[in-house]
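Worksheet: the structure to be examined is printed underneath.
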Amino acid sequence: MRFVDGYLPYLLARASHLVSGGFHAELHRRGVPVGVWRVLATLADGEPFTIGELAERVLMKQPTLTKLVDRMEADGLVRRREVPADRRKVRVAITARGRALLEPLLVAARRHEREILAIVAPEEAELLKRVLARLIAVLAPAPSGGEMEEDHTEGDDARGKETDAAEGLAQ
1051 MRFVDGYLPY
1061 LLARASHLVS
1071 GGFHAELHRR
1081 GVPVGVWRVL
1091 ATLADGEPFT
1101 IGELAERVLM
1111 KQPTLTKLVD
1121 RMEADGLVRR
1131 REVPADRRKV
1141 RVAITARGRA
1151 LLEPLLVAAR
1161 RHEREILAIV
1171 APEEAELLKR
1181 VLARLIAVLA
1191 PAPSGGEMEE
1201 DHTEGDDARG
1211 KETDAAEGLA
1221 Q
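The opening residue of the sequence shown carries number 1051 in our numbering; numbering runs sequentially from there.
Here it is, written out as structure tokens:
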């Protein structure tokens, strides 16, 4: 057996690429960039996030996400709100227009997930999700206690492309 065939980071990356690929193709057919999907899906439950929190969840650098959020806000998909305790910070929330775009995508994402998970037994699928959630919980950096500020550094791609994202987040 080759080293990579049993190497966890390789297996996770390869599985992510393969699992996400089909859904990313669906997004492409619908004209929705993966980055836009990630932001909307993360905001789906209505909880607003700071740019720093959102960047961590959607696997983008803050400057890249800031530009994407600028475009999404101009398109009416999200809105920024000042944090009352510190007006230098903002939280990003989904709008009604963003939710209207997101709803059919969530249906497609759930269908895609069902198709992928049908490959394994239901108890294996549940175990896989629990193990991955545990890895994320243990390995993710601890919250800093303060909200991360929006970073307006120039020079990043804000078109919603996966320029600095991991191989997929087909949530």
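All C-beta atoms, glycine included, are put in the ideal place defined by N, C-alpha and C. These numbers come from a predicted model, not from an experiment.
What residue range is occupied by the uninterrupted alpha helix (DSSP H) comprising Ile1101?
1101-1108
Can you tell which of Val1054, Leu1068, Leu1058, Thr1092 has its C-alpha closest to the C-alpha of Leu1155?
Thr1092
Please report how far the alpha carbon of Arg1052 lies from the alpha carbon of Leu1151, in whole angstroms.
43 Å
Near Val1133, which residues of its chain fall below 8 Å by C-beta distance, leaving aside the five closest residues on each side in sequence?
Thr1100, Lys1139, Val1140, Arg1141, Glu1197
Selection from Gln1112, Pro1059, Gly1096, Tyr1060 that minimises the alpha carbon distance to Gly1085
Gln1112
What residue does the alpha helix (DSSP H) around Arg1164 start on, and which one ends it?
1146-1167
From the DSSP secondary-structure annotation, give me the bridge partner or partners of Ala1075.
Under DSSP, Ala1075 shares a beta bridge with no residue.
Roughly how many angstroms separate the alpha carbons of Glu1199 and Gly1102, rounded to a whole number?
Confidence in Glu1199 is poor, its pLDDT being 38 and thus under 50, which makes the residue's placement too unreliable to answer from.
Measuring alpha carbon to alpha carbon, tell me which residue in Val1082, Met1122, Gly1072, Glu1106 is nearest Pro1191.
Glu1106
Determine the DSSP secondary structure at Ala1065, reduced to helix, strand or coil.
helix
Taking Ala1124 as the reference, which of Ala1063, Thr1145, Ala1135, Asp1136 has the closest Cα?
Thr1145
Output needed for Glu1226: all residues of its chain with C-beta closer than 6 Å, excluding positions within five of it in sequence on either side, in chain order.
The first residue shown for the chain is 1051 and the last is 1221, placing residue 1226 beyond what the model contains.
Between the Cα of Ser1070 and those of Ala1143, Ala1094, Arg1088, Arg1184, spot the shortest distance and give me the residue it belongs to.
In terms of CA proximity to Ser1070, Arg1088 leads the group Ala1143, Ala1094, Arg1088, Arg1184.
Which one of Leu1167, Val1128, Leu1061, Val1170 has the shortest CA to CA distance from Gly1228?
No answer is possible for residue 1228: it lies beyond the span of the chain, which begins at 1051 and ends at 1221.
Decide if His1074 is buried, meaning its Cβ has at least 16 other Cβ atoms within 10 Å, or exposed.
buried
Is Arg1147 near Gly1126, with beta carbons less than 8 Å apart?
yes
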